[in-house]
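*Asks:*
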Amino acid sequence: MNENKNSLAGEIKYDDNVKRYDLSKPPVKQTKNVQRLTKLTSKALLPLIRKGHTIEKINMEGLEPPYILLANHMQFMDFPILFEAIHPHKMNLVAANHVYYKDYALLEKLGCMCTRKFTADLSLVRNCHTVLQDYGDVFAMFPEARYSPDGTQSVLPAAIGKLAKKNKVPVVVLLNHGNFLNQPFWSHYKFRKVPFYATMKQILTAEDVEKLSVDEINEVINEEFQYDDYKWQKDNNIRITEKYRADGIHRILYQCPNCMTEGKMTSSGICLSCKECGKKWEMTELGEMKALEGETEFSHVPDWYKWQRENVRKEILNGTYSYKDEVPVYGFPGVYKYIKLGKAKVSHDFQNGFVLTGHYNGHAYRIHKPVKSLYSLHIEYQFSHLKGVDCFELPTKQDSIYCIPTNSYIITKLALATEEAYKIANENGRD
Ligand SMILES: [Zn+2]
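Residue numbers for the sequence shown follow my numbering, so the first one is 11 and each next one is one higher.
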């Protein structure tokens, strides 16, 4: 009886006094004062990019809001660049709920719209309409909803095409370069000196949006939202001379292409090495990987990352992929506090997706995220909100649940497995 009850258990039962946050809150229209403040803040912050920054505007002449702006996002300096790029216009920006932690009052004043990553958020559709139609301002979002692990584009939500089509507005893409190289996601506490260069381009006019289907709009967006910071670095001969330039890269390059072992990679200074077979690679000043002895399997970091993705895909297809662990878990039902939930069992495979089971406050809970309910996974390296751990998030309608795996390398593999399993399930037309 109890077992049956447990298998039916759903969300975590928190104390009644746990404060939630209303994600459907309409965004505040930016006031003149707030706009002035963002301008001054940008002016003060941008000189901190020691090698300078450039924003090239393409097909933007005469463009007035309302429009949808899509940007890639790697780090804090993307905000002042965004503010400068859209000046003198006003905008409302979509921000993930964990960004609201401790700063919710400021973000509300700035006109941000809170959302939970990788969930179907209907209030976002409503808020988009409010910003574009009622306020007549810029609706801005980072559609990848994540920092890129390897400096290339991540998967984009298909909902963007619908937002554009429904609101009949132009679409603009702001692509930042250098921001990833300066502060790679896998080592975001150490800065590398590089110039920043962004392009701001109107990729679809209101007439284009009117004429094209939702699928065609998404196709254009996917084509235009392409970037590869390592290629950009090489093409522009940008030398990163810091002696710690490879420090942390094992977080994304977790599999050794020499002996195939996973989770035994380590990095320090300018080198990446495998603890299993001893092979060592150096990261050159131009961001290429070079084997110190023998064959260089992948000189381009995104190729190495892609190879790992292909391996995960093969595992899913041949039925050998599965992950099981017992992990410390934290709940984040509001935006105010991470709540320690003790340990829970978590598993991920192609049949069931993610299943998390545990007990809290005398109640069993079971969080189930089927493969087709999650097209990507929110992972964090050195997550400052949880004392610098590597972790992943399982989002539900009312909660964000953070899991800290025993072997931290697995979060990168889980992110790849989530995306590949989703793609395979859709290719197969699975329910
Ligand atoms: Zn090895």
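Glycine included, every Cβ here is placed at the ideal spot set by N, Cα and C.
Using a Cβ-based criterion (distance less than 7 Å to any ligand heavy atom), does LYS289 qualify as near ligand 1?
*Replies:* Here the question's residue 289 lines up with position 279 in the sequence shown. Under cutoff, so the answer is yes.
*Asks:* Short check: CB of PRO153 to CB of LEU166, under 8 Å?
*Replies:* For the purposes of this step, residue 153 is identified with residue 143 of the sequence shown, where counting begins at 1. For the purposes of this step, residue 166 is identified with residue 156 of the sequence shown, where counting begins at 1. In contact: PRO153 and LEU166 (Cβ atoms closer than 8 Å).
*Asks:* Between CYS281 and ligand 1, is the CB less than 7 Å from at least one heavy atom?
*Replies:* Your numbering for residue 281 matches position 271 in the sequence shown. Flag unset: Cβ of CYS281 not near ligand 1.
*Asks:* Taking the alpha helix (DSSP H) that PRO90 belongs to, which residues open and close that run?
*Replies:* In the sequence shown, counting from the first residue as 1, residue 90 sits at position 80. Counting along the chain, the alpha helix (DSSP H) containing PRO90 begins and ends at 88–96.
*Asks:* Identify every residue that forms a DSSP beta bridge with PHE206.
*Replies:* The sequence position of residue 206 within the sequence shown is 196, counting from 1. PHE206 is bridged to HIS63.
*Asks:* Could you pull out every unbroken beta strand (DSSP E) segment of at least 3 residues lying fully inside the stretch 117–168, listed in chain order?
*Replies:* 123–125 and 148–151, all fully within the stretch 117–168.
*Asks:* Just how far apart, CA to CA, sit GLY161 and ILE250?
*Replies:* What you label residue 161 is simply residue 151 of the sequence shown in a count that begins at 1. What you label residue 250 is simply residue 240 of the sequence shown in a count that begins at 1. Those two C-alpha atoms are separated by around 15 Å.
*Asks:* Please tell me whether, using a cut-off of 7 Å, the distance from the CB of THR129 to the nearest non-hydrogen atom of ligand 2 is below it.
*Replies:* In terms of ligand content, the structure shown lacks ligand 2 and carries ligand 1 instead.
*Asks:* With burial defined as no fewer than 16 other Cβ atoms inside 10 Å of the residue's Cβ, what is the status of GLU430: buried or exposed?
*Replies:* On the sequence shown, position 420 is the one that residue 430 refers to. GLU430 sits buried, since 16 or more C-beta atoms from the chains shown fall within 10 Å of its C-beta.
*Asks:* Whose C-beta lies closer than 6 Å to the C-beta of ALA301 among residues of the same chain, with five residues either side of it excluded?
*Replies:* On the sequence shown, position 291 is the one that residue 301 refers to. Counting only Cβ-Cβ distances below 6 Å, and skipping sequence neighbours, we find TRP291.
*Asks:* What is the rounded straight-line gap between the Cα of LYS316 and the Cα of GLU325?
*Replies:* By 1-based counting over the sequence shown, the position of residue 316 is 306. By 1-based counting over the sequence shown, the position of residue 325 is 315. The straight-line gap separating the alpha-carbon atoms of LYS316 and GLU325 is approximately 14 Å.
*Asks:* Among LYS127, LYS382, ILE280 and LYS350, which has the Cα closest to the Cα of ILE397?
*Replies:* Reading the sequence shown from its first residue, position 387 is the one you call residue 397. Note that residue 397 is Lys in the sequence shown here, rather than Ile. LYS397 has its Cα closest to that of LYS350, out of LYS127, LYS382, ILE280 and LYS350.
*Asks:* Are there three or more Cβ pairs, one per stretch, closer than 8 Å when the stretch 364–373 is compared with the stretch 121–133?
*Replies:* no
*Asks:* As a quick exercise: from ARG126, LYS39 and SER52, pick the residue whose alpha carbon is nearest that of VAL467.
*Replies:* For the chain, the structure presents residues 11 to 441; residue 467 sits outside this window and is missing.
*Asks:* Run the CB neighbour count on CYS287, radius 10 Å, all protein chains shown included, and call it buried at 16 or more, exposed below.
*Replies:* The residue labelled residue 287 in the question sits at position 277 within the sequence shown. Classification of CYS287: exposed, given that the 10 Å Cβ count is below 16.
*Asks:* List the DSSP bridge partners of GLU403.
*Replies:* Residue numbering aside, residue 403 sits at position 393 when the sequence shown is read from its first letter. Bridge partners of GLU403: HIS388 and TYR412.
*Asks:* Compute the Euclidean distance between the alpha carbons of TYR110 and GLN392, then round it to the nearest angstrom.
*Replies:* To locate residue 110, count along the sequence shown from 1; it is residue 100. To locate residue 392, count along the sequence shown from 1; it is residue 382. Looking at the two C-alpha atoms, the distance is approximately 18 Å.
*Asks:* Please state the DSSP three-state secondary structure of SER197.
*Replies:* The count along the sequence shown starts at 1 and reaches residue 197 at position 187. If DSSP states are grouped into helix, strand and coil, SER197 belongs with the helices.
*Asks:* Give the straight-line distance between the Cα atoms of PRO194 and GLY439, rounded to the nearest whole angstrom.
*Replies:* Taking the first residue of the sequence shown as position 1, residue 194 is located at position 184. Taking the first residue of the sequence shown as position 1, residue 439 is located at position 429. Approximately 36 Å between the Cα atoms of the pair.
*Asks:* So what's ARG46 in DSSP terms, helix, strand or just coil?
*Replies:* Translated into positions along the sequence shown, residue 46 becomes position 36. If DSSP states are grouped into helix, strand and coil, ARG46 belongs with the helices.
*Asks:* Helix, strand or coil: how does DSSP classify PHE393 here?
*Replies:* Here residue 393 refers to the residue found at position 383 when the sequence shown is read from its first residue. PHE393 falls in the strand class under three-state DSSP.
*Asks:* Determine the direct distance from the alpha carbon of ILE421 to that of THR306, and round the result to whole angstroms.
*Replies:* Walking along the sequence shown from the start, residue 306 turns up at place 296. Walking along the sequence shown from the start, residue 421 turns up at place 411. Rounded to the nearest whole angstrom, the CA to CA distance from THR306 to ILE421 is 26 Å.
*Asks:* Using the DSSP secondary-structure output, state which residues sit across from THR276 in a beta bridge.
*Replies:* Residue 276 sits at position 266 when you count from the first residue of the sequence shown. Looking at the DSSP assignment, THR276 forms a beta bridge with SER283.
*Asks:* Taking buried to mean at least 16 other C-beta atoms within 10 Å of its own C-beta, is CYS269 buried or exposed?
*Replies:* Working through the sequence shown from its first residue, we reach residue 269 at position 259. Exposed: under 16 other Cβ atoms inside 10 Å.
*Asks:* Check for me: the beta strand (DSSP E) holding LYS350 runs from which residue to which?
*Replies:* Taking the first residue of the sequence shown as 1, we reach residue 350 at position 340. It spans 349–359 - the beta strand (DSSP E) in which LYS350 sits, taken as one unbroken run.
*Asks:* Could you spell out the range, first to last residue, of the beta strand (DSSP E) harbouring ASN335?
*Replies:* Counting from 1 along the sequence shown, the entry for residue 335 is found at position 325. Note that residue 335 is Asp in the sequence shown, not Asn. First-last of the beta strand (DSSP E) with ASP335: 332–341.
*Asks:* Can CYS266 be considered in contact with ligand 1, in the sense that its beta carbon sits closer than 7 Å to one or more heavy atoms?
*Replies:* In the sequence shown, the residue the question calls residue 266 occupies position 256. Result yes, Cβ under 7 Å from ligand 1.
*Asks:* Determine the direct distance from the alpha carbon of SER283 to that of GLU303, and round the result to whole angstroms.
*Replies:* For this step, residue 303 is matched to residue 293 along the sequence shown. For this step, residue 283 is matched to residue 273 along the sequence shown. Near 12 Å, if we compare the C-alpha coordinates of SER283 and GLU303.
*Asks:* Any heavy atom of ligand 1 closer than 7 Å to the beta-carbon of GLU292?
*Replies:* For the purposes of this step, residue 292 is taken as the residue at position 282 of the sequence shown. Flag unset: Cβ of GLU292 not near ligand 1.
*Asks:* Report the rounded CA-to-CA distance for ASP25 versus LYS334, giving the unit in angstroms.
*Replies:* Along the sequence shown, one-based indexing puts residue 25 at 15. Along the sequence shown, one-based indexing puts residue 334 at 324. Rounded to whole angstroms, the separation of the alpha carbons of LYS334 and ASP25 is 29 Å.
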